[in-house]
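Here the structure comes first, spelled out in structure tokens, and everything after it is commentary.
Numbering (the UniProt record's numbering), first residue to last: 1 to 646.
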């Protein structure tokens with residue numbers, strides 16, 4: 001309910017929703033100190049209250065361990081507020097200043113330093129562009145040395161909404177600050193494994209780890225930028241999660257849960273897709289009531305009041321879910337299935353005991369009857385700009401090849417930065433999978449909650465599941481591809497621009513190589529009798545990928561444009577001595593036995609330097625260990641090489 005006399009808040013004129021200042025209070029911790037426009041209608045600009053969906057905003061904007069750095073930058077994602085499927089993209093610039101340097105020192109400032117973040121909440125994923133503008137304003141805001149001077153923040157809101165638009169998604173500015181070249185230089189031949197991790201996303205929980213946050217989010221978002229269209233159009237559904245409630249709130253929720261007949265909210269993709277059993281008018285029965293879609297990509301809400309962020313009788317905003325049931329085994333997010341028949345069940349208890357990950361896989365497979373023919377996406381003329389069409393199943397804007405793939409949909413989360421307060425999402429049954437970044441060591445210690453941890457500092461990809469390690473083991477053709485990228489990035493070339501990077505080996509060139517690789521993979525799976533072709537991409541990997549949600553969504557449509565794409569691996573060919581060297585190098589760097597060999601060699605070298613001679617008990621023991629490790633590792637390597645040859 002709006003306060004009396006509070007001016008009405010007009011909808012944003014552009015992509016920026018809010019400008020927010022988050023500060024650290026010595027007693028209350030992280031809290032919102034200013035928001036323009038106010039985060040909640042009817043509240044003042046200095047209100048500390050938050051919408052329930054955005055309760056983690058202060059901890060995302062002011063990251064954990066920020067006091068260790070003078071400044072930092074955070075990219076983060078927030079769930080939508082009114083039940084639509086659009087992610088809210090956040091960019092935060094953090095700084096700290098000595099309290100004695102302030103011109104106006106407020107009474108609640110009791111520490112020697114003041115820590116604050118200025119963040120932008122946007123409807124467009126313009127991470128680097130927003131960061132560049134926000135860093136300048138944050139610097140100027142701190143230079144005032146008086147945080148009550150908020151006019152510069154209001155001017156920032158107006159400036160961004162007047163200068164930014166959706167046309168920026170079509171240019172290269174959307175990749176500002178995201179450098180695949182730096183990624184290849186750092187991870188080298190492992191960069192391909194990072195992309196395969198995301199494709200195998202049905203049960204994959206990938207955690208990126210490093211501090212400070214700007215290095216973390218930069219690396220994670222750069223990996224995503226290697227997938228065509230992913231940054232531009234593939235993240236609109238990547239933050240659909242429910243904040244954790246207190247025990248008292250959960251008890252009240254169970255007591256006041258409305259009936260399904262009273263409230264159901266589904267996405268427009270589910271109501272408009274005839275392949276999923278919908279009628280012509282986009283109608284579907286829920287209990288004894290009929291629901292009807294109003295616009296494409298506009299979901300149903302209980303009322304206009306709920307869509308604007310108003311709370312229901314139990315104090316929470318309900319959206320994109322069937323009301324929760326008492327059974328802990330059943331998911332509270334039945335919207336994660338592509339089969340709307342779940343809404344027709346009158347008895348919700350005991351009927352759906354499958355978890356959200358099982359429900360999300362309920363997609364049409366290759367065998368379709370005549371009444372459920374796949375949708376055909378017609379190839380478009382090459383006019384220099386990609387022609388995008390709405391994906392009726394994925395809900396994403398897709399090109400003629402079906403890109404971006406629907407990886408981050410239906411309960412698969414992408415969280416560039418994950419606060420410690422969101423730790424429960426790692427074990428939430430409604431979360432089908434995630435790619436998340438974290439700086440707190442507690443995330444890295446909980447290895448049982450993730451399938452892989454990417455330690456950016458050491459360029460190390462740690463995969464816990466042996467089966468997943470086998471699936472992601474690169475083929476010889478994949479190793480050639482990675483080696484091709486590394487050589488072009490590291491070699492000095494004559495045709496360079498002023499920044500030292502020409503087309504070959506540059507950021508756009510690397511993205512073009514990954515685009516060609518993914519297009520070839522998509523074209524290969526469509527070919528009949530394609531076992532030999534798919535073996536170059538990895539038979540185990542392709543089999544695992546075909547079981548994923550993103551593959552089934554992509555395969556439910558027809559993409560004739562792929563007929564013009566070469567369906568062979570870009571680096572297929574006969575084996576050679578150089579391939580053996582590549583495989584040997586990869587095995588030494590990534591296998592446990594290979595690491596032991598490296599450690600033994602380092603130990604041996606250290607003893608040689610210290611004693612001045614390669615004799616003695618310690619050195620002899622080191623050589624014995626090296627011989628044992630090498631013999632065991634080489635036998636394993638020989639077996640893997642023979643299997644590749646077969």
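Glycine is no exception: its CB is placed at the ideal position from the N, C-alpha and C atoms.
The structure presented is a predicted model; accordingly, all values stated were derived computationally and were not measured.
- Under DSSP, residue 92 shares a beta bridge with 74 and 119.
- Annotation for residue 233: the continuous alpha helix (DSSP H) segment containing it runs 230-233.
- Excluding residues up to 5 positions away in sequence, 186, 187, 188 and 190 lie with their Cβ nearer than 8 Å to the Cβ of residue 459 in the same chain.
- In the three-state scheme derived from DSSP, where H, G and I count as helix and E and B as strand, residue 560 is classed as helix.
- Rounded to whole angstroms, the gap between the alpha carbons of residue 544 and residue 175 is 30 Å.
- Beta-bridge analysis with DSSP links residue 412 to 433.
- Listed in chain order, the beta strand (DSSP E) elements of length 3 or more contained wholly in the stretch 165-242 are 205-209.
- For residue 541, the enclosing alpha helix (DSSP H) begins and ends at 539-545.
- Note on residue 566: under 16 other CB atoms within 10 angstroms of its CB, so exposed under the neighbour-count rule.
- When the beta-carbon positions are compared, residue 556 and residue 393 come within less than 8 Å of each other.
- In the three-state scheme derived from DSSP, where H, G and I count as helix and E and B as strand, residue 113 is classed as strand.
- Residue 587 carries a helical assignment under DSSP once its states are collapsed to helix, strand and coil.
- Inclusion of residue 16 and residue 119 in the CB contact set at 8 Å is not warranted, their separation being larger than that value.
- Here residue 233 is buried: its Cβ has 16 or more other Cβ atoms, across all protein chains shown, within 10 Å.
- No Cβ-Cβ contact shorter than 8 Å links residue 77 with residue 91.
- With 16 or more neighbouring CB atoms inside 10 Å of its own CB, residue 550 falls in the buried class.
- At a Cβ-Cβ threshold of 8 Å, residue 420 and residue 64 count as neighbours.
- Cβ contact annotation for residue 243 (same chain, cutoff 6 Å, sequence separation greater than five): 55, in chain order.
- In this structure, residue 511 keeps its C-beta atom at 8 Å or more from the C-beta atom of residue 151.
- Closest in C-alpha terms to residue 548, from the list 515, 93, 18 and 433, comes 433.
- Of the candidates 192, 439 and 149, the residue whose Cα lies closest to the Cα of residue 515 is 192.
- Excluding five sequence positions before and after residue 391, the CB atoms of its chain that fall closer than 6 Å to its own CB belong to 398, given in chain order.
- Between residue 415 and the set 61, 402 and 177, the nearest pair of CA atoms involves 61.
- Sequence-distant Cβ neighbours of residue 157 in its own chain, meaning closer than 7 Å and more than five residues away, are 16, 19 and 36.
- Assigned with DSSP and collapsed to three states, residue 466 falls in helix.
- In the displayed model, residue 514 falls within a helix according to three-state DSSP.
- Excluding the 5 residues flanking it on each side, residue 130 has same chain C-beta neighbours closer than 7 Å at 91, 120 and 122, in chain order.
- By the 16-neighbour rule on beta-carbons within 10 angstroms, residue 478 is buried.
- A Cβ-Cβ separation of about 6 Å places residue 217 in contact with residue 437 under the 8 Å criterion.
- Taking C-beta separations shorter than 6 Å and ignoring five residues to either side along the sequence, the partners of residue 426 in its chain run 449, following chain order.
- With fewer than 16 other Cβ atoms from the protein chains shown falling within 10 Å of its own Cβ, residue 67 counts as exposed.
- Under the DSSP assignment, residue 485 falls in the alpha helix (DSSP H) whose first and last residues are 476-490.
- Following the DSSP letters along the chain, one finds residue 139 inside the alpha helix (DSSP H) bounded by residues 127-143.
- Counting of Cβ neighbours within 10 angstroms places residue 108 among the exposed residues, the total staying below 16.
- Here the C-alpha atom of residue 470 lies approximately 8 Å from the C-alpha atom of residue 540.
- In this structure residue 34 does not touch residue 164 by the C-beta definition: roughly 21 Å separates them, more than the 8 Å allowed.
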